[in-house]
Amino acid sequence: MPLTNETDEPSVSKNDLELEETVLALKREKRARKTNVTKIRHNLEKLCAQKSKLNRGEIEAEIEALWDALETCLS
Numbered sequence: 018m019p020l021t022n023e024t025d026e027p028s029v030s031k032n033d034l035e036l037e038e039t040v041l042a043l044k045r046e047k048r049a050r051k052t053n054v055t056k057i058r059h060n061l062e063k064l065c066a067q068k069s070k071l072n073r074g075e076i077e078a079e080i081e082a083l084w085d086a087l088e089t090c091l092s
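Be aware that the sequence shown starts at 18, since it is given in my numbering, and climbs by one per residue.
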C-alpha cells in the first residue's frame, strides 16, 4: 500500500489532451450547427403557417434569407 498519492494510472500524454480538445471543439461546432438548423426549420414552419398573409415577393425574400442562413451554417 503506497503512502503517497501516486496512482497506477499512466499520465495523460499531450497527444491525448490535444485529441480530447479537438473532440470537444467538434462537438461544440456540431451543437451550434444543429441549433442553427433547428432555428431555420422553426422559421420555415412559421413562414408556412403565415404564407396566406404574405405576398409572393415577401415569401421569396424569407426563403432566400433562410437559405442563406442554412448555407452559412453548413459551410
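We put the beta carbon where it would ideally sit given N, CA and C, even for glycine. It should be emphasised that the depicted structure is a prediction, and the values quoted were computed from it without experimental measurement.
Span separating the alpha-carbon of residue i from that of residue j
i	j	result
Arg73	Ala82	14 Å
Asn53	Cys90	7 Å
Lys31	Glu37	10 Å
Ala42	Lys51	14 Å
Lys135	Ser92	The question about residue 135 has no answer, for the chain in this structure spans 18 to 92.
Glu88	Ile80	12 Å
Lys70	Ala49	32 Å
CB of residue i within 8 Å of CB of residue j, strictly
i	j	result
Leu64	Ile76	yes
Neighbourhood of residue i by C-beta distance below 6 Å, restricted to the same chain and skipping five residues each side
i	result
Ala86	Ile57
Thr39	none
Three-state class that DSSP yields for residue i in the structure shown
i	result
Val40	helix
Val29	coil
Lys70	coil
Sequence-distant residues of the same chain with beta carbon closer than 7 Å to residue i, five excluded per side
i	result
Asp33	none
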